[in-house]
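**Student:** Structure below; questions to follow.
Protein chains: 2
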Amino acid sequence: MAIWLEQASGDFEERFSAFLSTKREVSDDVNAVVKAIIDDVRTRGDAALIDYSARFDKVDLASAGLRVREEEIDAAVAATSADVLDALRLAAERIEKHHARQMPKDDLYEDALGVGLGSRWTAVDAVGLYVPGGTASYPSSVLMNALPAKVAGVPRVVMVVPAGGGVVNPAVLAAARIAGVSEIYRVGGAQAVAALAYGTETIAPVAKIVGPGNAYVAAAKRQVFGQVGIDMIAGPSEVLVIADRDNNPDWIAADLLAQAEHDLGAQSILVTNDRAFGEAVEQAVERQLKTLSRSQTAAQSWADFGAIILVKDLASSLPLANRIAAEHLELAVADPDALLSGIRNAGAIFVGRHTPEVIGDYIGGSNHVLPTARSARFSSGLSVLDYVKRTSILRLGPEQLAALAPAAITLAHSEGLDAHARSVSIRLNRGG
Amino acid sequence: MAIWLEQASGDFEERFSAFLSTKREVSDDVNAVVKAIIDDVRTRGDAALIDYSARFDKVDLASAGLRVREEEIDAAVAATSADVLDALRLAAERIEKHHARQMPKDDLYEDALGVGLGSRWTAVDAVGLYVPGGTASYPSSVLMNALPAKVAGVPRVVMVVPAGGGVVNPAVLAAARIAGVSEIYRVGGAQAVAALAYGTETIAPVAKIVGPGNAYVAAAKRQVFGQVGIDMIAGPSEVLVIADRDNNPDWIAADLLAQAEHDLGAQSILVTNDRAFGEAVEQAVERQLKTLSRSQTAAQSWADFGAIILVKDLASSLPLANRIAAEHLELAVADPDALLSGIRNAGAIFVGRHTPEVIGDYIGGSNHVLPTARSARFSSGLSVLDYVKRTSILRLGPEQLAALAPAAITLAHSEGLDAHARSVSIRLNRGG
């Protein structure tokens with residue numbers, strides 16, 4: 000049973016604020032362990048990777064080899080069913096097309112004074128993609144993380160994935176091939192992150208590391224940040240569904256459960272202006288829970304973090320939605336456009352009754368790596384922009400320098416930076 | 000005396016690698032102190048700010064008031080010389096014009112299937128700008144951090160600045176007025192960062208915190224990250240000058256010293272293909288050092304971290320420059336365009352002999368907040384993009400859902416996520 004919050008009740012603001020600040024994640028303090036692993040990989044390289052993989056993943060990389068060979072990827076593709084391969088290819092095509100529109104353009108121009116100014120975008124030289132092992136090893140995530148890098152023109156995309164018991168999910172390898180991943184290594188955990196950041200005999204270092212992982216992987220990413228870039232540290236997933244009473248309660252219940260089944264920290268929130276509809280959804284959730292393969296996870300996260308918020312009218316949902324700043328926001332209402340323009344904070348918005356969030360997870364074309372835990376207030380989902388960087392360019396001739404020099408010299412002196420002033424004045428042949 | 004590295008010598012790669020990994024910063028472990036301050040501000044609010052300001056800044060905020068009043072800003076503007084005000088206004092105008100070109104455009108479209116896709120950009124609701132106190136309190140930095148927020152359309156830009164001994168640099172207040180800062184509070188350190196992140200009775204919380212600061216401020220920003228967004232944690236500044244022998248050695252020496260005077264961790268590197276020119280620059284540095292107000296700082300950072308790298312030819316400088324990935328890169332050569340296209344990693348490039356880096360610090364129009372410590376390999380300078388976030392939008396009707404459903408359902412089942420599959424299939428009237 001999820002909690003109910005009613006806007007009309009006197010303690011709503013207090014209860015809503017408390018709800019907003021609920022922590023859904025216990026982050027174990029694994030920093031010391033992770034630091035030791037990183038130091039060891041920096042010192043011993045491949046030998047450390049082999050040792051940790053034997054211990055944590057029960058796999059003998061000394062004989063299997065660190066790098067996954069082309070013929071192994073061939074075999075994985077052959078072992079993946081045709082309909083999954085077709086679905087991955089369709090998804091890849093749609094993701095690639097959508098992300099191609101995100102590629103920023105260089106902007107080089109001269110202003111009225113003749114000063115050359117500009118922004119030039121270049122791809123990151125090499126990117127490492129972490130893929131979790133076991134049941135959280137999702138081929139769709141491989142596409143979502145690797146394809147924007149390919150679109151950005153990253154020359155080298157390296158994937159690491161732990162081979163628990165020697166096995167890597169074949170569909171993950173197939174997705175990597177479809178997404179144009181350049182190299183795959185069967186290593187995971189903090190040791191894989193260390194190898195990507197600092198390099199070993201076999202794995203050349205990258206400039207940026209992306210992708211989800213457990214507490215050890217997250218801690219390792221934080222620790223190597225600076226040496227390399229990292230993407231956001233994703234928290235548990237969440238969905239906010241704003242729905243009027245003219246929805247089929249079963250559809251909305253299914254959407255809430257799609258989120259809840261992810262993991263124990265997942266959060267599903269329904270905002271509605273109709274109490275009876277809210278109750279109908281709640282009953283539909285209970286019914287559907289009985290037939291889910293992951294019903295235990297879904298039931299638990301719905302009970303712990305699920306919520307039904309009853310608002311006075313749909314317009315009242317907007318300020319709440321902006322404070323929640325959900326990763327995923329569904330607008331299942333008769334006139335979604337009336338709400339759409341009022342949403343400022345959301346990772347992705349799914350518009351109308353026929354756009355379940357799951358379409359965005361797989362096949363819509365937009366990215367499914369999105370800001371969690373209210374961070375949509377200040378950050379964006381993964382995009383091509385995460386794989387490029389901008390260099391500014393400034394170009395002056397003697398005339399432009401003469402025009403701008405006085406202001407630069409004035410400001411330099413006012414900040415007490417004499418050498419700054421001289422670096423400009425000396426070029427005016429007026430001495431230092 | 001800076002070190003010399005010669006590409007022609009046998010141990011160059013080894014020495015260059017060691018040079019690249021030189022740490023220029025000792026980060027004190029202030030995490031425990033900072034955590035206590037943050038917790039205290041969260042608990043006691045304004046009262047904690049008043050206590051810490053009395054202790055660290057020797058200022059009585061209970062009587063002065065936390066917020067800087069409009070008439071105080073009026074007085075600061077009146078106390079700033081006309082030529083400094085004019086220079087700040089010219090800088091602001093140029094910065095604003097340049098940054099207006101960075102504003103990303105929404106992209107909403109329908110694909111061939113009729114699926115609505117899109118990216119919508121919105122400004123961050125509220126931004127906090129940290130400005131250091133004392134000698135590092137630079138009005139130019141206020142412009143560089145605040146104006147892109149204004150261009151982005153951030154409704155609320157809050158500045159915090161410690162008032163050591165009760166005083167805030169008048170030019171900093173004048174710059175804040177020129178840059179359109181909405182609120183100014185005379186509080187600094189970890190306590191100011193905590194107030195911006197969590198709010199107090201007087202200071203409403205923001206969604207993102209930017210701006211430079213000391214070790215306490217940097218640690219506080221790291222600790223509140225997640226609650227709010229933060230910009231990069233900037234390290235000491237650096238310049239790489241690629242110069243041929245046809246430069247005036249005094250000009251290049253002045254550029255190296257403009258960087259070196261910043262602080263003890265600053266780094267100035269000359270790459271040249273002419274030994275005699277390198278020696279002439281070295282001598283010019285020694286001469287100019289004698290007449291600088293900050294000669295002690297400049298001499299020390301030049302001695303500790305300065306370098307002259309002698310390359311075989313100018314083209315050989317490109318791979319080195321890409322590995323150094325300097326914050327600032329000057330191309331003081333006869334044909335800068337021949338090198339420009341080969342540079343992949345640099346925060347900003349200053350093209351030709353008449354573009355000293357200092358122009359970019361103040362008046363060029365581009366931003367002077369740039370990636371340090373080799374992070375230009377994976378990150379960019381501050382821009383309008385740091386003050387906006389992107390929401391993706393997906394919109395399907397029944398036909399589009401029917402077209403994409405099979406692939407989504409296939410992938411959901413292949414990942415073992417039954418509720419995901421049901422959330423799509425239930426809308427096809429084929430049951431769960």
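Chains as they are written, first to last, in numbering that gives the first Met the number 0: chain A, 0 to 431; chain B, 0 to 431.
Don't be surprised by glycine CBs; every beta carbon is placed ideally from N, CA and C.
As the structure is a computational prediction, the values presented were derived from the model and not from experiment.
1) Does any residue of chain A bring its CB to less than 8 Å from the CB of Gln266/B?
2) I'd like to know if Arg421/B contacts chain A, where contact means its C-beta is closer than 8 Å to some C-beta of that chain.
3) Could you work out which residue in His261/A, Ala320/A and Phe276/A is closest to Gln299/A when comparing CA atoms only?
4) Just confirm the distance between the C-beta atoms of Val350/A and Pro370/A, as a whole number of angstroms; I'd bet it's less than 8 Å.
5) Is Gly431/B close to chain A, meaning its C-beta is less than 8 Å from at least one C-beta of that chain?
6) Using 8 Å as the limit for Cβ to Cβ distance, is Gln282/B near chain A?
7) Spatial neighbours of His412/A within its chain, please: CB distance less than 8 Å, with the 5 preceding and 5 following residues excluded, ordered by chain position.
8) Mind checking which residues open and close the beta strand (DSSP E) that includes Gln266/B?
9) List the residues of chain A whose Cβ lies closer than 7 Å to the Cβ of Ile425/B, in chain order.
10) Tell me whether Gly364/A sits in a helix, a strand or coil according to DSSP, three-state version.
11) Nearest CA to the CA of Phe304/B: which residue from Ala90/B, Ala74/B and Lys22/B?
12) Distance cutoff 8 Å, beta carbons only. Does Ile323/B sit that close to anything in chain A?
13) Quick one: give me the first and last residue of the alpha helix (DSSP H) that Gly277/B is part of.
14) Taking contact to mean at least 3 C-beta pairs separated by less than 8 Å, is the region 139-148 of chain A in contact with the region 167-181 of chain A?
15) Give a yes or no on whether 8 Å exceeds the smallest Cβ distance from Phe304/B to chain A.
16) Can you list, in chain order, the residues of its chain whose CB lies under 8 Å from that of Arg93/B, leaving out five sequence neighbours each side?
17) Could you tell me which chain A residues have their CB closer than 7 Å to the CB of Val357/B, listed as they occur along the chain?
18) So with Cβ pairs under 8 Å, would you call Val114/B a contact of chain A?
19) Using a C-beta cutoff of 8 Å, does Thr21/B count as contacting chain A?
20) Exposed or buried, which one is Tyr108/B when buried takes at least 16 other CB atoms within 10 Å?
21) Mapping the DSSP letters down to three states, classify Asp105/B as helix, strand or coil.
22) Excluding the 5 residues flanking Leu89/A on each side, which residues of the same chain have their C-beta closer than 7 Å to its C-beta?
23) By the 10 Å Cβ neighbour count, where 16 or more other Cβ atoms means buried, how is Ser424/A classified, buried or exposed?
24) Do the region 323-332 of chain B and the region 342-358 of chain B make contact, defined as three or more Cβ pairs closer than 8 Å?
25) Are the region 265-285 of chain A and the region 208-225 of chain A in contact at 8 Å, needing three or more beta carbon pairs?
26) Out of Ala191/A, Ser8/A, Gly132/A and Val123/A, which has the shortest C-alpha to C-alpha gap to Val40/A?
27) If contact is defined by three or more beta carbon pairs under 8 Å, each pair taking one atom from either stretch, is the region 121-134 of chain B in contact with the region 160-176 of chain B?
28) In the DSSP assignment, what residue or residues form a beta bridge with Asp184/A?
29) Hey, Ala257/A and Ala418/B are a contact pair by Cβ (cut 8 Å); roughly how many whole angstroms apart?
30) What did DSSP end up calling Ala347/B once you bin it into helix, strand or coil?
31) Shorter than 8 Å from the beta carbon of Ile392/A to some beta carbon of chain B?
32) Distance, Cα to Cα, Gly164/A vs Asp56/A?
33) Leaving aside the five residues before and after Ala333/A along the sequence, list all residues of the same chain whose C-beta is less than 8 Å from its C-beta, in chain order.
34) Does the Cβ-Cβ distance between Ala259/A and Val216/A come in under 8 Å?
35) Quick one: grab the DSSP three-state call for Ser391/B.
36) Using 10 angstroms around the beta-carbon of Thr271/B, count the other beta-carbons present and answer buried if the total reaches 16, otherwise exposed.
**Tutor:** By the coordinates alone:
1) In the second sequence, counting from the first residue as 1, residue 266/B sits at position 267. No - not a single Cβ of chain A is within 8 Å of the one on Gln266/B.
2) Here residue 421/B refers to the residue found at position 422 of the second sequence. True, the Cβ-Cβ gap to chain A drops below 8 Å.
3) Stepping through the first sequence from its first residue, residue 299/A is reached at position 300. Of His261/A, Ala320/A and Phe276/A, the residue nearest in Cα terms is His261/A.
4) By one-based count along the first sequence, residue 350/A stands at place 351. By one-based count along the first sequence, residue 370/A stands at place 371. Their Cβ separation, rounded to whole angstroms, is 19 Å, which puts Val350/A and Pro370/A out of contact at 8 Å.
5) Looking up residue 431/B in the second sequence gives position 432. Low confidence applies here, because Gly431/B scores a pLDDT of 38, under 50, leaving its location unreliable; read the following figure in that light. Judged by the 8 Å Cβ criterion, Gly431/B is in contact with chain A.
6) Position 283 of the second sequence, counted from the start, is the residue given in the question as residue 282/B. Output row for Gln282/B: interface = no.
7) Walking along the first sequence from the start, residue 412/A turns up at place 413. Contacts found: Ala420.
8) What you label residue 266/B is simply residue 267 of the second sequence in a count that begins at 1. Counting along the chain, the beta strand (DSSP E) containing Gln266/B begins and ends at Gln266 to Thr271.
9) For this step, residue 425/B is matched to residue 426 along the second sequence. Within 7 Å Cβ-Cβ: Asp249, Trp250 and Ala253.
10) Along the first sequence, read from residue 1 onward, the residue named residue 364/A stands at position 365. Coil at Gly364/A, not helix or strand.
11) Locating residue 304/B in the second sequence gives position 305, counting from the first residue. For Phe304/B, the closest alpha carbon among the candidates Ala90/B, Ala74/B and Lys22/B is that of Lys22/B.
12) Along the second sequence, one-based indexing puts residue 323/B at 324. No, Ile323/B does not count as interfacial toward chain A.
13) In the second sequence, counting from the first residue as 1, residue 277/B sits at position 278. That run of the alpha helix (DSSP H) goes Arg274 to Leu288.
14) The way I'd put it, the region 139-148 of chain A does touch the region 167-181 of chain A; three or more beta-carbon pairs between them come closer than 8 Å.
15) The residue given as residue 304/B occupies position 305 in the second sequence. Not a single CB atom of chain A sits nearer than 8 Å to the CB of Phe304/B.
16) Your numbering for residue 93/B matches position 94 in the second sequence. Excluding positions up to five away in sequence, the list reads Ile362, Gly363 and Gly364.
17) Along the second sequence, one-based indexing puts residue 357/B at 358. The answer, in chain order, is Ala407, Ala411, His419, Ser422 and Val423.
18) Within the second sequence, the letter at position 115 stands for residue 114/B. Using a CB distance cut-off of 8 Å, Val114/B counts as an interface residue toward chain A.
19) On the second sequence, residue 21/B is found 22 positions in, with the first residue counted as 1. Chain A, which has no Cβ nearer than 8 Å to the Cβ of Thr21/B, makes this no.
20) Within the second sequence, residue 108/B is the residue found at index 109, counting from 1. Exposed, because fewer than 16 other Cβ atoms sit within 10 Å of the Cβ of Tyr108/B.
21) One-based indexing of the second sequence puts residue 105/B at position 106. Residue state, collapsed to three classes: coil.
22) For this step, residue 89/A is matched to residue 90 along the first sequence. Here Leu89/A has Ile362 as same chain residues with Cβ atoms under 7 Å from its own Cβ, once five neighbours each way along the sequence are excluded.
23) On the first sequence, position 425 is the one that residue 424/A refers to. Buried: at least 16 other Cβ atoms inside 10 Å.
24) Contact holds: three or more Cβ-Cβ distances are below 8 Å.
25) Fewer than three pairs of CB atoms, one per stretch, sit closer than 8 Å, so the region 265-285 of chain A makes no contact with the region 208-225 of chain A.
26) As a position in the first sequence, residue 40/A is number 41, starting the count at 1. Nearest option by C-alpha distance: Ala191/A.
27) Because the criterion of three Cβ pairs below 8 Å is met, the region 160-176 of chain B and the region 121-134 of chain B touch.
28) The residue labelled residue 184/A in the question sits at position 185 within the first sequence. Asp is not the amino acid found at residue 184/A; the sequence shown has Tyr there. Bridge partners of Tyr184/A: Arg66/A and Val159/A.
29) Here residue 257/A corresponds to residue number 258 of the first sequence, with the count starting at 1. Here residue 418/B corresponds to residue number 419 of the second sequence, with the count starting at 1. Right, the Cβ-Cβ distance comes to about 5 Å (below 8 Å), so this counts as a contact.
30) Position 348 of the second sequence, counting from 1, holds the residue named residue 347/B. If DSSP states are grouped into helix, strand and coil, Ala347/B belongs with the strands.
31) Taking the first sequence and counting its residues from 1, the one referred to as residue 392/A is at position 393. Answer yes: the Cβ-Cβ gap between Ile392/A and chain B drops below 8 Å somewhere.
32) Reading the first sequence from its first residue, position 165 is the one you call residue 164/A. Reading the first sequence from its first residue, position 57 is the one you call residue 56/A. The straight-line gap from Cα to Cα measures roughly 6 Å.
33) For the purposes of this step, residue 333/A is identified with residue 334 of the first sequence, where counting begins at 1. Correct list, in chain order: Asp243 and Asp245.
34) Here residue 259/A corresponds to residue number 260 of the first sequence, with the count starting at 1. Here residue 216/A corresponds to residue number 217 of the first sequence, with the count starting at 1. Between Ala259/A and Val216/A, the CB-CB gap reaches or exceeds 8 Å.
35) For the purposes of this step, residue 391/B is identified with residue 392 of the second sequence, where counting begins at 1. Strand at Ser391/B.
36) For the purposes of this step, residue 271/B is identified with residue 272 of the second sequence, where counting begins at 1. Buried is the call here.
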